[in-house]
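Novice:
There are 4 protein chains.
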Amino acid sequence: MAEVGYVGLGVMGGGIAKRLLDAGHAVTGWNRTREKAQPLLDGGMRWGDTPREVAERSEIVFTMVTNTAAVCAVTDGPDGILAGLAPGKVYVDQSTASPDNTRALAARVAEVGADMLDAPVSGSVITLEQGKLSVMVGGDEDVFNRVLPVLEAIGPKVFHVGPNGAAVTIKIASNLQLAVQMLAFSEGVLLAEKSGIPRAKAVEVLLGTVVASPMVTYRGPFVLGQPDEAWFNVNMMQKDMILALELGRQLDVPLPTTATTNELLTAARGMGLAEKDFSILFEVLAAMSGVGAAS
Amino acid sequence: MAEVGYVGLGVMGGGIAKRLLDAGHAVTGWNRTREKAQPLLDGGMRWGDTPREVAERSEIVFTMVTNTAAVCAVTDGPDGILAGLAPGKVYVDQSTASPDNTRALAARVAEVGADMLDAPVSGSVITLEQGKLSVMVGGDEDVFNRVLPVLEAIGPKVFHVGPNGAAVTIKIASNLQLAVQMLAFSEGVLLAEKSGIPRAKAVEVLLGTVVASPMVTYRGPFVLGQPDEAWFNVNMMQKDMILALELGRQLDVPLPTTATTNELLTAARGMGLAEKDFSILFEVLAAMSGVGAAS
Amino acid sequence: MAEVGYVGLGVMGGGIAKRLLDAGHAVTGWNRTREKAQPLLDGGMRWGDTPREVAERSEIVFTMVTNTAAVCAVTDGPDGILAGLAPGKVYVDQSTASPDNTRALAARVAEVGADMLDAPVSGSVITLEQGKLSVMVGGDEDVFNRVLPVLEAIGPKVFHVGPNGAAVTIKIASNLQLAVQMLAFSEGVLLAEKSGIPRAKAVEVLLGTVVASPMVTYRGPFVLGQPDEAWFNVNMMQKDMILALELGRQLDVPLPTTATTNELLTAARGMGLAEKDFSILFEVLAAMSGVGAAS
Amino acid sequence: MAEVGYVGLGVMGGGIAKRLLDAGHAVTGWNRTREKAQPLLDGGMRWGDTPREVAERSEIVFTMVTNTAAVCAVTDGPDGILAGLAPGKVYVDQSTASPDNTRALAARVAEVGADMLDAPVSGSVITLEQGKLSVMVGGDEDVFNRVLPVLEAIGPKVFHVGPNGAAVTIKIASNLQLAVQMLAFSEGVLLAEKSGIPRAKAVEVLLGTVVASPMVTYRGPFVLGQPDEAWFNVNMMQKDMILALELGRQLDVPLPTTATTNELLTAARGMGLAEKDFSILFEVLAAMSGVGAAS
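Line order of the protein sequences matches chains A, B, C and D.
Heads up: the first sequence is residues 1 to 295, going by the numbering used here.
Heads up: the second sequence is residues 1001 to 1295, going by the numbering used here.
Heads up: the third sequence is residues 2001 to 2295, going by the numbering used here.
Heads up: the fourth sequence is residues 3001 to 3295, going by the numbering used here.
#1: Under 9 Å between C-beta atoms, does Pro-1256 of chain B make it to chain D?
#2: Whole beta strand (DSSP E) runs in the region 3118-3201 of chain D with 3 or more residues, listed along the chain?
#3: Measuring only the C-alpha atoms, how far is Ala-1274 of chain B from Ala-2244 of chain C?
#4: Around the Cβ of Gly-3148 of chain D, are there at least 16 other Cβ atoms within 10 angstroms (buried) or fewer (exposed)?
#5: Judging by CA-CA distance, which residue of C:Val-2291, C:Asp-2140 and C:Pro-2256 is the nearest neighbour of Met-3288 of chain D?
#6: Compare the Cα-Cα distances from Leu-3264 of chain D to each of A:Pro-39, A:Gly-80, A:Trp-231 and A:Val-253 and report the closest residue.
#7: At 4 residues or longer, what runs of the alpha helix (DSSP H) sit wholly inside the region 1027-1099 of chain B?
#8: Classify Glu-3003 of chain D as helix, strand or coil using the three-state DSSP reduction.
#9: Can you find a CB in chain F that lies within less than 9 Å of the CB of Ala-287 of chain A?
#10: Under three-state DSSP, which class holds Asp-305 of chain A?
#11: Of all Cβ atoms in chain C, is any one closer than 9 Å to the Cβ of Met-3215 of chain D?
#12: Within 9 Å (strictly less), CB to CB, does Met-2237 of chain C reach chain D?
#13: Can you give me the start and stop residues for the alpha helix (DSSP H) that Ile-242 of chain A sits inside?
#14: Which value, in whole angstroms, describes the spacing of the CA atoms of Gly-2024 of chain C and Gly-2014 of chain C?
#15: Cα-Cα, which of D:Ile-3170, D:Leu-3281, D:Val-3092 and D:Arg-3219 is closest to Val-3074 of chain D?
#16: Report all residues from its chain with a CB closer than 7 Å to the CB of Val-1300 of chain B; omit the five preceding and five following residues, and keep chain order.
#17: So the candidates are A:Asp-49, A:Glu-187 and A:Leu-285; which of them puts its Cα closest to the Cα of Ile-1170 of chain B?
#18: Between the C-alpha atoms of Arg-3162 of chain D and Ile-2197 of chain C, what's the straight-line distance to the nearest angstrom?
#19: Which term fits Glu-53 of chain A, buried or exposed, when burial requires 16 or more other beta carbons within 10 angstroms of its beta carbon?
#20: Helix, strand or coil for Met-1116 of chain B per DSSP?
#21: At least one CB of chain B closer than 9 Å to the CB of Met-3271 of chain D: is that the case?
#22: For Thr-3258 of chain D versus Ala-3179 of chain D, is the C-beta spacing smaller than 9 Å?
#23: Under 9 Å between the Cβ atoms of Ala-1153 of chain B and Asp-1022 of chain B?
#24: Let me make sure I understand the geometry here. Which of D:Gly-3138, D:Arg-3146, D:Thr-3209 and D:Asp-3100 has the alpha-carbon closest to that of Val-1970 of chain C?
#25: Could you pull the DSSP bridge partners for Asp-277 of chain A from this structure?
#26: Starting from the C-beta of Val-3284 of chain D, find all residues in its chain whose C-beta is less than 6 Å away, skip the five residues before and the five after it, and write them out in chain order.
#27: For Val-3210 of chain D, name the three-state secondary structure that DSSP assigns.
#28: Can you check which of these residues, A:Glu-3, A:Asp-140 and A:Pro-51, is closest to Ala-70 of chain A by C-alpha distance?
#29: Could you check what DSSP says for Met-3012 of chain D in three-state terms: helix, strand or coil?
#30: Do the region 3001-3009 of chain D and the region 3025-3042 of chain D make contact, defined as three or more Cβ pairs closer than 8 Å?
#31: By a C-beta neighbour count over all protein chains shown, 10 Å radius and 16 as the cutoff for buried, is Ser-3295 of chain D buried or exposed?
#32: For Pro-256 of chain A, report the span of its alpha helix (DSSP H) as first-last.
#33: By Cβ distance, which residues of its chain are closer than 8 Å to Asp-2142 of chain C, with the 5 residues on each side in sequence left out?
#34: Starting from Gly-2248 of chain C, find everything on chain B with Cβ-Cβ shorter than 7 Å and list it in chain order.
#35: Determine, using beta-carbon pairs with one atom in the region 2081-2092 of chain C and one in the region 2054-2062 of chain C, whether at least three such pairs fall under 8 Å.
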C-alpha cells in the first residue's frame, strides 16, 4: 500500500479519495474548504495544511480541480505542490486543463527530479459510485507502470494513452462529445414529444436504442427532472468545449458540432442557467421551440 | 408458430427473416431481386411471386424497404400488400419512412379490416447478429400484444411507443443522433490524432469513455478502415436526417446539430462518397483539416 | 405600349402592377381577394374574372404569388393561365418557386405555342417604392428581348441570367443571404448592446460600415422596432430557405450558414413569431441571450 | 495642421498615413520594416526611430497593427508609445484588438496625462483608395471633438460610438459579418453554378441584388480569381472571429453564424490556405461540394 495525497476534494476528487482509502492506501488530503473533507477525515484521511504538505507526505500526489488556473493555484508558489515534490515522487493531475499547460508543468516537475502524469477520468458521479470509471493516462510508460496499481483502485479501466498531455487531450476529445450527444438527444426527445409521444416514454424508448451511450443513459433522464445539484454544470462544460475549440484552432481541426453546441451553452448562460447541469441544453432547445420546461 | 411474410430481404430485412425462420415460424418472402433471397430459400423460406401473394399467405406480413416511395411501391397497386390483406391480418412496416405516410397507410389498412403497426428496429447488422435489436412499435395496443410473440423473435427488447406513426417518429429521433454522434466522435478522433496520438489508440481510448454508445462502439472503428460494404450509407443516412428536419419544421423544433451534420453528409456526397457508410463523415472532416484519409 | 396582365396583387405584385400602369401600359389584373385590388382598379386597371381571362386579354401575363403551390393554383385547371395562353403570348412568373416546377411549366407553356420567362425581383417594398428593383430573367434570349421594354418599367436593372429556371435559382441564391445577413447583423448588434452601446447607436454605426447591404440598410433598423406589417415574414423566408436547402441537396452543395439560420427561423415559429418580419431573428437571438425584445 | 504620428505602415496604415500627408499634416512614421515605408518617406513623411520617438514628436499618434499582442509591442517598454506620451497628447489606436485591452491601455494613457481613443475603420484597401472609409471612435467626447478634423482626413464618415473600447467592439461586431456574408455569398454562387449558371454570371447578377453590401461588392468577384496578395487573410479574419466569439461568451451572446463560419476558416487553414484572402471560403465550400477551384 502507498502513501497517497489528494488535493481537490470536490464531488469527483472526494469520491476518488474515498476509493483510495477503501483500497487500503494511506491518504493525506487538502481542499480549499476543509469542511467538505470532513466525511473523508472521519473515514481515516489525514489532513495536510497546504498542497505542499500533502506532496511532502506522499509518494504519489493527485489533483482534481476546476480548470487550468486552479491547477496553477495548487501547484505554484511556496505552498504549492511543486515545492513539496522530490525525486522519486509522482504528481498525477486528474483535472481537465490545457494540454499545453500540462506539458509545461511536467517539465517543471522533471526539474525537481519527480515525475508527472496527466490522468483524467471518464464518467460522472454515478460512474464513480458504480466503480466503472475509466482512467486515461499521459506520461512516461515506466512511471505509468509504477503507479498503475494505485490507479486501478480508481477505475477498473486504465489506459496509457501517450506522453504528457495526451490523456488530457483525449479527455477533451471525449468531453466535447458529451455536450453534443446531449443536445442531439434533446433534439430527438423534443421531436418525439411535439409529435405526441409523452416525454418520459420518448426517453425510455430512446435509451433502448443504439445511441444510448453510458452518458446518455445516466444523463438523458435529467430532461424529465433536473438533479438538485448539477453533476457537471454549464460553465464547466463550456470550459471544456472552449479547450476543444482552442485545440481545434491550434491544430487546424474544424469542429462543426462542437461549435454549434457551444453556442447553445452560451444561450443557457444567457437564459440564467449557468449553474445547472449541462443537460439543461434540453430546456434551451425547448424554449426555442415554445415548449415549457420540465418542472 | 405463425404464418409470417417478409417483403424486402436486404441486409437487415433478410437477417430478420432468418431470425423468424430460426424461431420456427413459417416464412414466405419476396424481394425485388430474387437471387438475394437464395440463402433464405435454401433455409426453408417459401417464395411469394408478389408482395400481394406474400400478404395472402400470411397472418402477419412485414416490410423493410428503403424509403417512403419504396413502401408505396410494395403496398400499392394490384400486386401490392394492401390487395392481399384481409380482416384479422396484421401488416407491420419496419422501414424508416415518413410518419405522415405511415398514418395514411394505417387508415387504408383499416379500411380492408386489417391492422397495421410501424415497427422499426434500432441497431445495425452487428446488433442483429448479436441478437440485440430493439423493436419500437406504433399502433393499437391490442394488436401489439397479439403480434408481440413474433416481434420478440426479432429483438429481445420490444417497446410499445404509442399510436401509428409513433415508432417511426422515435426511430427518426434516434437516427438523427447516429449521424451527429459519429461526427462528434470524428471531431474528437481528429483532435487527438493531430495532437500526436495514433488514430487507433485514440479510437481505443475513446471507446472506453462514457460517450461510447453501442453505435459508436461498432461504427467508431470504421475510421480506421471502412467496411467493404456500407452498413448504412450516406444517402440512406441523409434520407433519415431529412425526415427529421422535415418533422422539425412541421412541429417547430429547431434541430441545430442535425442541421449542421446534414450539411456534412451533403459534403460527403459532393466528394463522391454517397455510397460509403456514413462513418465516412470522418473522412470529410479529415479532408477539411488537411489529414489524409484512412486507406 | 403593351396589353399586360398581372395575377397576384399583393404588396409586391400590386406595386409592380402600379408601375406598369404608370408607364402607360394597359393592365388587366386578378387577385384572390378583389378588394385588395381596388386602388389599382381606381387607377385604371381592368379586372379579369379568372387568371385565364387575364391571359386571354394580354400579350404578356405576369404572376407573383406565394409559393410553388400557389403558382400551380393560378396556372392550372380550366380557369388557369395556361388555358388562356396562345401562340405569341408570353407568361412571366415573378414568384419565388421551385426551379424544377418552373422548367416543367415552361415546357407546358411551349406546348400551347406561347413562351415563358421566370423573372423574380430583388428587393422589398421600399426598393420598389424607390424604383430600384432589379429583375432577373430566365428563358429564351429572344423572348427576353421582346419583353425587355416592359420589364424595364418594373426595375431599372434587368439581367438575362440563363435558360428557364435560372433566374429563380439566382433569386433563391440571393434570398438565402437575406436571412443569413440578418442573423449575422443581429449577432453584431447584440454584442454591441450587451457591451454597453445603446442599440440605436449600434445600428447607426453598423449601417455606416461595409457590411451594410441594401437589405441590411432597410431591414436592420427593424431591430429597433418592428413594422406594423411584415415586409417578408418568417414563414415566407423559411419557404425560400427550404428551396435553397433542397437545391443544395439535389446539387450536392453544403450550405452551412443557410442551415444554421434556418433552424433559428424554426425557433422563431416555435416562439410564436411566424407572421413577423423575418428580422425578428434578432428577437430570437435576444431571447437566447437573456435580453428583452424591442417594444 | 497637426503634428501627427503613425505607427504600423502596412497596407491600411500606410494608406491612411498617405491621406494624412495629402491633407497637409506633418507626419512622423515608424514601421517594423522600414523599407515598406520608403514611398511615404519619399512623399515627405519623417521617420521616427522608435514608436516612442514618434509619440514624442506628435500631438496625435496613431497605431494600426495586427492584433492585441502587436499593440502591446508598440505601446509598452522603454521604446514604446506610452513612454513618449505627455499631457495634452492623444493616442489613437486603429487596430482591431481586444476591447478589454483597449480599456486597460486607456487607463494607462490617462496616468501619464494623455488621452486615448480607439478608432478602427470599416473598409478595405479599395474603400481607402476610394476615400470612403468610415471611422468609428471610442473615448471621451471632448477628446473626440479635438481630434475630429484629423480623423476627417481619414474617412468622410466619422462616428463617435461611446467610451473607450466601444469603437473596437463595433468593429468586431462588423467584422464577424464580413466572414459570414462572404460564406453565405459563396453558398449562393455555388448553388447557381452547380445548377448550370456560369460562375461569372452568377456573381454579376447577385451583385445586382439587395444582398450586395459594399464588402460583397468588392470581395465577391474574388471567387472568380483571387487577388495576388490577400486584402485580409484567413488568419487575420479568424483573429477577429475569435475576438467576437470571446466577447460573445463574456457577454452571454450566442453567435450561431459566427461560430459556423469560423469553423470553415479553420478548414481553410487545414487546407493550407491560411495566407489567402478570406474570400477563399468559397474554395473551401467548393472543395466540399466537389467543384474545382477558380484558377
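From the three backbone atoms N, C-alpha and C, an ideal C-beta is built for every residue, glycine too.
Specialist: Let me spell this out:
#1: The sequence position of residue 1256 of chain B within the second sequence is 256, counting from 1. Output row for Pro-1256 of chain B: interface = yes.
#2: 3134-3138 and 3157-3162
#3: The residue labelled residue 1274 of chain B in the question sits at position 274 within the second sequence. The residue labelled residue 2244 of chain C in the question sits at position 244 within the third sequence. Each residue's Cα considered, the two are about 20 Å apart.
#4: The count along the fourth sequence starts at 1 and reaches residue 3148 of chain D at position 148. It should be pointed out that residue 3148 of chain D corresponds to Leu in this sequence rather than to Gly. By the 10 Å Cβ count, Leu-3148 of chain D comes out exposed.
#5: Taking the fourth sequence and counting its residues from 1, the one referred to as residue 3288 of chain D is at position 288. The option with the nearest alpha carbon to Met-3288 of chain D is C:Pro-2256.
#6: On the fourth sequence, position 264 is the one that residue 3264 of chain D refers to. Ranking A:Pro-39, A:Gly-80, A:Trp-231 and A:Val-253 by Cα distance to Leu-3264 of chain D puts A:Val-253 first.
#7: 1038-1042, 1051-1057, 1068-1075 and 1081-1084
#8: Here residue 3003 of chain D refers to the residue found at position 3 when the fourth sequence is read from its first residue. DSSP places Glu-3003 of chain D in strand when its eight states are reduced to three.
#9: Looking at the structure shown, chain F is missing, and the protein chains on hand are A, B, C and D.
#10: Here chain A has residues from 1 to 295 only, and residue 305 of chain A is not among them.
#11: Taking the fourth sequence and counting its residues from 1, the one referred to as residue 3215 of chain D is at position 215. Chain C contact via Cβ: present.
#12: As a first step, residue 2237 of chain C is located in the third sequence; it is residue number 237 there, counting from the start. It does not; no Cβ of chain D falls within 9 Å.
#13: Along the first sequence, one-based indexing puts residue 242 of chain A at 242. Unbroken alpha helix (DSSP H) run through Ile-242 of chain A: 234-251.
#14: On the third sequence, residue 2024 of chain C is found 24 positions in, with the first residue counted as 1. On the third sequence, residue 2014 of chain C is found 14 positions in, with the first residue counted as 1. Cα to Cα, Gly-2024 of chain C sits roughly 16 Å from Gly-2014 of chain C.
#15: Taking the first residue of the fourth sequence as position 1, residue 3074 of chain D is located at position 74. The shortest C-alpha separation from Val-3074 of chain D is found at D:Val-3092.
#16: Residue numbering for chain B in the displayed model covers 1001 to 1295; residue 1300 of chain B lies beyond these limits and cannot be assessed.
#17: Within the second sequence, numbered from 1, the residue matching residue 1170 of chain B stands at position 170. The shortest C-alpha separation from Ile-1170 of chain B is found at A:Glu-187.
#18: For this step, residue 3162 of chain D is matched to residue 162 along the fourth sequence. For this step, residue 2197 of chain C is matched to residue 197 along the third sequence. In the sequence as displayed, the identity of residue 3162 of chain D is Gly instead of Arg. Cα to Cα, Gly-3162 of chain D sits roughly 7 Å from Ile-2197 of chain C.
#19: As a first step, residue 53 of chain A must be located in the first sequence, where it is residue number 53. Result: buried.
#20: The residue labelled residue 1116 of chain B in the question sits at position 116 within the second sequence. Three-state DSSP puts Met-1116 of chain B in a strand.
#21: Walking along the fourth sequence from the start, residue 3271 of chain D turns up at place 271. Yes, contact with chain B.
#22: Mapped onto the fourth sequence, residue 3258 of chain D falls at position 258. Mapped onto the fourth sequence, residue 3179 of chain D falls at position 179. Taking 9 Å as the Cβ cut-off, Thr-3258 of chain D and Ala-3179 of chain D qualify as a contacting pair.
#23: Stepping through the second sequence from its first residue, residue 1153 of chain B is reached at position 153. Stepping through the second sequence from its first residue, residue 1022 of chain B is reached at position 22. Cβ distance < 9 Å, so Ala-1153 of chain B and Asp-1022 of chain B count as in contact.
#24: Only positions 2001 to 2295 of chain C appear in the structure, and residue 1970 of chain C is not among them; the question remains open.
#25: For this step, residue 277 of chain A is matched to residue 277 along the first sequence. According to DSSP, Asp-277 of chain A bridges with A:Asn-233.
#26: Position 284 of the fourth sequence, counting from 1, holds the residue named residue 3284 of chain D. These residues qualify, in order along the chain: Leu-3264, Ala-3267 and Ala-3268.
#27: Counted from its first residue, the fourth sequence places residue 3210 of chain D at position 210. Note: Val-3210 of chain D maps to coil in three-state DSSP.
#28: As a position in the first sequence, residue 70 of chain A is number 70, starting the count at 1. Per the Cα distances, A:Pro-51.
#29: Here residue 3012 of chain D is taken as the residue at index 12 of the fourth sequence, counted from 1. Helix at Met-3012 of chain D.
#30: yes
#31: Locating residue 3295 of chain D in the fourth sequence gives position 295, counting from the first residue. Any reading at Ser-3295 of chain D needs caution, since the residue's pLDDT is 42, under 50, leaving its predicted position unreliable; the model's value is listed next. Ser-3295 of chain D should be labelled exposed.
#32: Translated into positions along the first sequence, residue 256 of chain A becomes position 256. Per DSSP, Pro-256 of chain A belongs to the alpha helix (DSSP H) from 256-270.
#33: The residue you call residue 2142 of chain C lines up with position 142 of the third sequence. Nothing meets the Cβ criterion.
#34: Indexing the third sequence from 1 puts residue 2248 of chain C at position 248. Correct list: Thr-1266.
#35: yes
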